[in-house]
Amino acid sequence: MAANQGGRARRRLSTGERREQLLSVGARLFSESPYDDVWIEQVAEIAGVSRGLLYHYFPTKRDFFAAVVERESERMLRMTAAVPGVPVREQLAAGLDTYLEYVDAHAHGFRAFHRADAAGDQAVRRVYQRALAAQERQILAALAADPEFGPVAARRPDLGLAVRGWLAFTTAVCLEWLRGSDLSRAQVRDLCARALLGVLSD
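Heads up: the sequence shown runs through residues -10 to 191, numbered per the working numbering.
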């Protein structure tokens, strides 16, 4: 039996692990540079894989960026999901804390997700717009089911637009916070919470 002269062999990644690795590299690159300035060759080189293997997972750069955006969207939707039976007002601070922890821990992915709207590729922009619409629907559904805010939602035809504006506000605040704002996480949380409660005031 041949000796293992190279020491312990490097563990091969599973399909899921490799895909996650590639998406993590993509999130970093897309967060740092515009869509047109990111090259598939860069991703393959950083990940230590061949360009052919990368194309096996993602046939085009559009598919790759769309997958990065969808991955971040799914994470955000999971983190902002309402807890049935718990009033929205009680969930707001805890939900924003969880969201801000995600923003801080996955800054590259968060930035990459919000760069998608500026991408010249219309297919990628549609993925981003669908993700934002899903966030908006999730918030509106939680408000409609809430004993305090449900009656307000029922008589506010402008509520969808107001929630969309709050999402844009929260995104802008988080991006500025990541750039090095002096505000603490708690201060950012309270700022965003007050903004939503202001939107809901009737």
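Cβ coordinates follow ideal geometry from the N, Cα and C atoms, glycine included.
- For V14, the enclosing alpha helix (DSSP H) covers residues 4 to 21.
- When DSSP states are grouped into helix, strand and coil, T69 belongs to the coil group.
- A182 and W155 do not touch by the CB rule: their CB atoms are close to 10 angstroms apart, not below 8 angstroms.
- About 13 angstroms separates the CB atoms of L132 and V75; that is not less than 8 angstroms, and the two are not in contact.
- In this structure R178 is buried. Its beta-carbon is surrounded by 16 or more other beta-carbon atoms within 10 angstroms.
- The closest CA to that of A123, considering only S13, W166, R100, E61, is found on E61.
- The stretch 132 to 146 makes no contact with the stretch 154 to 168, as fewer than three CB pairs between them are under 8 angstroms.
- Counting only the Cα atoms, T69 lies some 11 angstroms from A82.
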